[in-house]
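Chemist:
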Amino acid sequence: MPGITGIIGRGSAEQRASQLTRMVQVMRRERFYTSATYHQESLGLAAGWVVHRSSFADGNPVWNAARDICLILTGEDFSDPADIATLRAKGHGSLSDNAGYLIQGYEALGADFLARLNGNVSGILVDLRLDKVLLFNDRYGLGRIYVHETPEGVYFSSEAKSILSVAPGTRELDATGMAEFLSCGCALQNRTLFKAISLLPPASCWTFAGGALVDRQSYFSVAEWEQLEPLGEAEFHDQLNATFNRIVPKYFSGRERVGMSLTGGLDGRMIMACSKRELGAIPCYTFGGTYRDCTDVAFAREIARRCGQSHQVIPVGQSFIRQFGALAEESVYVSDGAMDVTGSVELFANRLAREIAPVRLTGNYGSEILRSNIAFRPQALSSSLFTPELMQRSEAAAAIYRQEAGGRRLSTIATKQVPWHHHSRLSVEQSQLTMRSPYLDNELMALAYRTPPGREFSKTPALRFIAENDARLSGVPTDRGLLYQPAPVVGKLRNLYQEFTFKAEYAYDYGMPQWLARIDHQLGFLQLERAFLGRHKFYHFRVWYRDKLRGYLQEVLLDPRSLARPYLDGSRLKNLVKQHLAGTHNHTNELHQALSLELIQRKLIEAAWQPH
Numbered sequence: 346m347p348g349i350t351g352i353i354g355r356g357s358a359e360q361r362a363s364q365l366t367r368m369v370q371v372m373r374r375e376r377f378y379t380s381a382t383y384h385q386e387s388l389g390l391a392a393g394w395v396v397h398r399s400s401f402a403d404g405n406p407v408w409n410a411a412r413d414i415c416l417i418l419t420g421e422d423f424s425d426p427a428d429i430a431t432l433r434a435k436g437h438g439s440l441s442d443n444a445g446y447l448i449q450g451y452e453a454l455g456a457d458f459l460a461r462l463n464g465n466v467s468g469i470l471v472d473l474r475l476d477k478v479l480l481f482n483d484r485y486g487l488g489r490i491y492v493h494e495t496p497e498g499v500y501f502s503s504e505a506k507s508i509l510s511v512a513p514g515t516r517e518l519d520a521t522g523m524a525e526f527l528s529c530g531c532a533l534q535n536r537t538l539f540k541a542i543s544l545l546p547p548a549s550c551w552t553f554a555g556g557a558l559v560d561r562q563s564y565f566s567v568a569e570w571e572q573l574e575p576l577g578e579a580e581f582h583d584q585l586n587a588t589f590n591r592i593v594p595k596y597f598s599g600r601e602r603v604g605m606s607l608t609g610g611l612d613g614r615m616i617m618a619c620s621k622r623e624l625g626a627i628p629c630y631t632f633g634g635t636y637r638d639c640t641d642v643a644f645a646r647e648i649a650r651r652c653g654q655s656h657q658v659i660p661v662g663q664s665f666i667r668q669f670g671a672l673a674e675e676s677v678y679v680s681d682g683a684m685d686v687t688g689s690v691e692l693f694a695n696r697l698a699r700e701i702a703p704v705r706l707t708g709n710y711g712s713e714i715l716r717s718n719i720a721f722r723p724q725a726l727s728s729s730l731f732t733p734e735l736m737q738r739s740e741a742a743a744a745i746y747r748q749e750a751g752g753r754r755l756s757t758i759a760t761k762q763v764p765w766h767h768h769s770r771l772s773v774e775q776s777q778l779t780m781r782s783p784y785l786d787n788e789l790m791a792l793a794y795r796t797p798p799g800r801e802f803s804k805t806p807a808l809r810f811i812a813e814n815d816a817r818l819s820g821v822p823t824d825r826g827l828l829y830q831p832a833p834v835v836g837k838l839r840n841l842y843q844e845f846t847f848k849a850e851y852a853y854d855y856g857m858p859q860w861l862a863r864i865d866h867q868l869g870f871l872q873l874e875r876a877f878l879g880r881h882k883f884y885h886f887r888v889w890y891r892d893k894l895r896g897y898l899q900e901v902l903l904d905p906r907s908l909a910r911p912y913l914d915g916s917r918l919k920n921l922v923k924q925h926l927a928g929t930h931n932h933t934n935e936l937h938q939a940l941s942l943e944l945i946q947r948k949l950i951e952a953a954w955q956p957h
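In the numbering used here, each residue's number is its place in the sequence shown (first place is 1) plus 345.
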């Protein structure tokens, strides 16, 4: 994944330079990446970056006209065009026509300019006038920065593997972070999977002087949003309409072509409803499977057609299966282990999506921000696989989760779910293209805090927005069979049918109970999966592990190294693999976890020092 990396310290400049070369090298993996470094010995800084060519950040370092303020960044900012124009009109000089206004913001406002950042962005600002360095991230912490603090200085990077490559003491799994990863799907409280590596908290601004960390500040708190008064339904509807129509055009801007990733849900459809783009201007696509056109494909194709846009299906099928081993290993490596092996699907599909357009616009985070959807929760581990000590740590992880989720629901989503949970998939996606979503826009987020009481989980505002902004789209049901004003009986039957097929597919795939697995095994000759799978999901690891991926599964998990890991019972792992491959049991989640941990060990712990 593109990003920034570096060291700020008081030690040898030659050593920092040598370490930085390796830190950048392990991040540069794709032909469309470009990279460089910047050294400022007087401040103890050695910094590097890897970016997508022609992206917003492709211009590092950004200098002011006097060349005494320098900015190195990763990600994108979507500040209000009027604010950008105002800064430039004030005459603050810059040598960049892309991200240069951020330098102008710092010249005008000092470090307070960070509060105006609007996007998944992080960076380093060097002020040679004041002899200081600022290390910062966005207000959600989605522009992730890993940090490792030592007596000699601070190592920082958008990718943990950069730090792992030069700091041998970090090449060990953190027991608490690992338990949280297995239980909750991510490490909590700004921990990571690795010893002595943590995350820069959301909205951070760390100040360094003379190579030493002298101040840690937060430039924004969600308390500012929590104090906003809720709106009435009519006023909220009017403001949602105005706000969304105002911000969406920003996300179609830039130097690169933008493609729209469509599903059968509401959130991408809201974007299309107010995109107001000319015919054929937005290439649309949907990820699909092999059994049939899933609901996402069928409805997305119709949405694109009604908007006068092209549509393609990116199939995840035999080509993916053939590459699974390499993709699984790469996705774990790219995401620093934050994404489990199912990230292989995202890596495969987004690699093909880049061929359509290097920027992918999505409805990601819409259900979370507009409908307060909690996307991650603790789950009990399998006592038949993991050691008692790890089981105890997983129970503690569940308690920590409950503590962290105890505040306002939307704040939990914005400051915990987004940076801890959502980053994992995003990191794999961003390794291939530039990801955008308007749903984390500061203006829209502030409005979400003003949702009328009782409407926090309602789909009606989104359905109404779509109907009023593009009536052509309101006639296409969602993947759950919803319409804005459905015929009472027909609409209810449609919704019940879609809900039934969704739950039936889950029960026949990830969620298949063991008693049903035994029955399915007895009836295997009927190939019943063809009747249930592929209606809503386009990847099906239960049957893939059992059949097409069995060779890779055996090769990795039955290897003596895997069976000897101290956090699991090797004989039980061997038995789980045998049962799943026989088709008599469903151990999909346990196999995900064991396979992911083993690849973390091999690709990030044991071989982290090697450039990938």
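We put the beta carbon where it would ideally sit given N, CA and C, even for glycine.
Buried or exposed: which applies to P822, given that a residue is buried once 16 or more other Cβ atoms fall within 10 Å of its Cβ?
Modeler: Walking along the sequence shown from the start, residue 822 turns up at place 477. It is buried - the Cβ of P822 has at least 16 other Cβ atoms within 10 Å.
Chemist: Could you pull the start and end residues of the beta strand (DSSP E) that A391 belongs to?
Modeler: Start at 1 with the first residue of the sequence shown, and residue 391 comes out as number 46. Looking at the DSSP string, the run of the beta strand (DSSP E) that includes A391 is 390 to 397.
Chemist: Using C-beta distances below 7 Å, list every residue in its chain close to F721, excluding the 5 sequence neighbours before and after it, in chain order.
Modeler: Counting from one through the sequence shown, the residue named residue 721 turns up at place 376. Counting only Cβ-Cβ distances below 7 Å, and skipping sequence neighbours, we find C529, G530, C531, Q762, H766.
Chemist: For the 8 Å Cβ check, are there 3 or more pairs between the segment 747 to 763 and the segment 511 to 519?
Modeler: In short, these stretches do not touch, since the Cβ pair count stays below three.
Chemist: Could you check which residue in L838, D824, L390 has the C-alpha nearest to that of G556?
Modeler: Counting from one through the sequence shown, the residue named residue 556 turns up at place 211. Per the Cα distances, L390.
Chemist: Ignore the nearest five residues each way along the sequence and tell me which others in R637's own chain have a CB closer than 6 Å to its CB.
Modeler: Translated into the one-based positions of the sequence shown, residue 637 becomes position 292. Within the same chain, R637 has close Cβ partners G879.
Chemist: Taking I659 as the reference, give the member of P496, T687, S776, T635 with the closest Cα.
Modeler: Taking the first residue of the sequence shown as 1, we reach residue 659 at position 314. Closest option to I659, Cα to Cα, is T635.
Chemist: Counting only the same chain and skipping the five closest in sequence on each side, list residues whose C-beta sits under 8 Å from that of R716.
Modeler: Indexing the sequence shown from 1 puts residue 716 at position 371. The residues are E801, F802, S803, K804, A807.
Chemist: Below 8 Å, how does it come out for the segment 465 to 474 and the segment 415 to 425: are there three or more Cβ pairs, yes or no?
Modeler: Yes, the segment 465 to 474 is in contact with the segment 415 to 425.
Chemist: Tell me F553's beta-bridge partners as DSSP assigns them.
Modeler: As a working mapping, residue 553 is identified with position 208 in the sequence shown. The partner list for F553 (beta bridge, DSSP) reads V478, L558.
Chemist: For T431, is the classification buried or exposed, using 16 other Cβ atoms within 10 angstroms of its Cβ as the cut-off for buried?
Modeler: Working through the sequence shown from its first residue, we reach residue 431 at position 86. Per the 10 Å Cβ criterion, exposed.
Chemist: Exposed or buried, which one is V559 when buried takes at least 16 other CB atoms within 10 Å?
Modeler: Position 214 of the sequence shown, counting from 1, holds the residue named residue 559. So V559 ends up on the exposed side.
Chemist: What first and last residue would you give for the beta strand (DSSP E) that runs through F589?
Modeler: Counted from its first residue, the sequence shown places residue 589 at position 244. Here F589 belongs to no beta strand (DSSP E); instead the alpha helix (DSSP H) covers 578 to 592.
Chemist: Look at the Cβ atom of N814, then the Cβ atom of M615, and state whether they are nearer than 9 Å.
Modeler: What you label residue 814 is simply residue 469 of the sequence shown in a count that begins at 1. What you label residue 615 is simply residue 270 of the sequence shown in a count that begins at 1. It is a contact, given that the beta carbons lie within the stated cut-off.
Chemist: So what's V658 in DSSP terms, helix, strand or just coil?
Modeler: What you label residue 658 is simply residue 313 of the sequence shown in a count that begins at 1. DSSP places V658 in strand when its eight states are reduced to three.
Chemist: By DSSP, does T640 sit in helix, in strand, or in coil?
Modeler: In the sequence shown, residue 640 corresponds to position 295, counting from 1. Note: T640 maps to helix in three-state DSSP.
Chemist: Rounding to the nearest angstrom, what Cα-Cα distance links E935 and Y446 in this structure?
Modeler: Position 590 of the sequence shown, counting from 1, holds the residue named residue 935. Position 101 of the sequence shown, counting from 1, holds the residue named residue 446. If you take the alpha carbons of E935 and Y446, they lie about 49 Å apart.
Chemist: Given a cut-off of 9 Å, decide if A524 and G682 are closer than it, judged by their beta-carbon atoms.
Modeler: Taking the first residue of the sequence shown as 1, we reach residue 682 at position 337. Taking the first residue of the sequence shown as 1, we reach residue 524 at position 179. Not closer than 9 Å, so no.
Chemist: Does R651 come out as helix, strand or coil in the three-state DSSP assignment?
Modeler: On the sequence shown, position 306 is the one that residue 651 refers to. Helix.
Chemist: Tell me which same chain residues have a C-beta within less than 7 Å of the C-beta of G670, skipping the five on either side of it?
Modeler: Here residue 670 refers to the residue found at position 325 when the sequence shown is read from its first residue. Hits under 7 Å: Y897.
Chemist: Looking at the unbroken alpha helix (DSSP H) that takes in T933, where does it start and where does it end?
Modeler: Stepping through the sequence shown from its first residue, residue 933 is reached at position 588. Here the alpha helix (DSSP H) through T933 covers 933 to 945.
Chemist: From the DSSP output, read off the bridge partner residues of R316.
Modeler: Limits of the chain in this structure are 346 at one end and 957 at the other, which puts residue 316 out of reach.
Chemist: Is it the case that the segment 604 to 621 contacts the segment 695 to 706, given that we only count it when at least three CB pairs across the two stretches are under 8 Å?
Modeler: Yes, they touch.
Chemist: Use the C-beta contact count for G799: other C-beta atoms within 10 angstroms, 16 or more gives buried, fewer gives exposed.
Modeler: The sequence position of residue 799 within the sequence shown is 454, counting from 1. The residue is exposed, with fewer than 16 neighbouring Cβ atoms inside 10 Å.
Chemist: Does the segment 373 to 387 come close enough to the segment 488 to 495 that 3 or more CB-CB pairs lie under 8 Å?
Modeler: No contact exists between the segment 488 to 495 and the segment 373 to 387.
Chemist: Does the beta-carbon of S782 have 16 or more other beta-carbons within 10 angstroms, so that it is buried, or is it exposed?
Modeler: Here residue 782 is taken as the residue at index 437 of the sequence shown, counted from 1. Looking at its Cβ environment, which holds 16 or more other Cβ atoms inside 10 Å, S782 is buried.
Chemist: In this structure, does DSSP put L715 in helix, strand or coil?
Modeler: As a first step, residue 715 is located in the sequence shown; it is residue number 370 there, counting from the start. In this structure, L715 counts as helix in the three-state DSSP scheme.
Chemist: Report yes if the C-beta of P733 is less than 8 Å from at least one heavy atom of the ligand COA; otherwise report no.
Modeler: Judged by which ligands are present, the structure shown has none, so any question about the ligand COA falls away.
Chemist: Taking 8 Å as the threshold, find out whether the segment 593 to 601 comes into contact with the segment 619 to 629 through three or more Cβ pairs.
Modeler: Touching, yes.
Chemist: Who are the Cβ neighbours of R461 in its own chain at under 8 Å, not counting the five residues just before and after it?
Modeler: Sequence index remark: in the sequence shown, residue 461 carries index 116 (1-based). Excluding sequence neighbours, R461 sits near S424, D428, G450, L454.
Chemist: Near N787, what residues of its chain come up, given a Cβ to Cβ distance below 6 Å and the 5 sequence neighbours on each side ignored?
Modeler: As a first step, residue 787 is located in the sequence shown; it is residue number 442 there, counting from the start. These residues qualify, in order along the chain: N463.
Chemist: On a CA-only basis, which of R795, D854, L475 is nearest E574? Give me that one, please.
Modeler: In the sequence shown, the residue the question calls residue 574 occupies position 229. The shortest C-alpha separation from E574 is found at R795.
Chemist: With DSSP collapsed to three states, give me the class of C529.
Modeler: Indexing the sequence shown from 1 puts residue 529 at position 184. Helix at C529.
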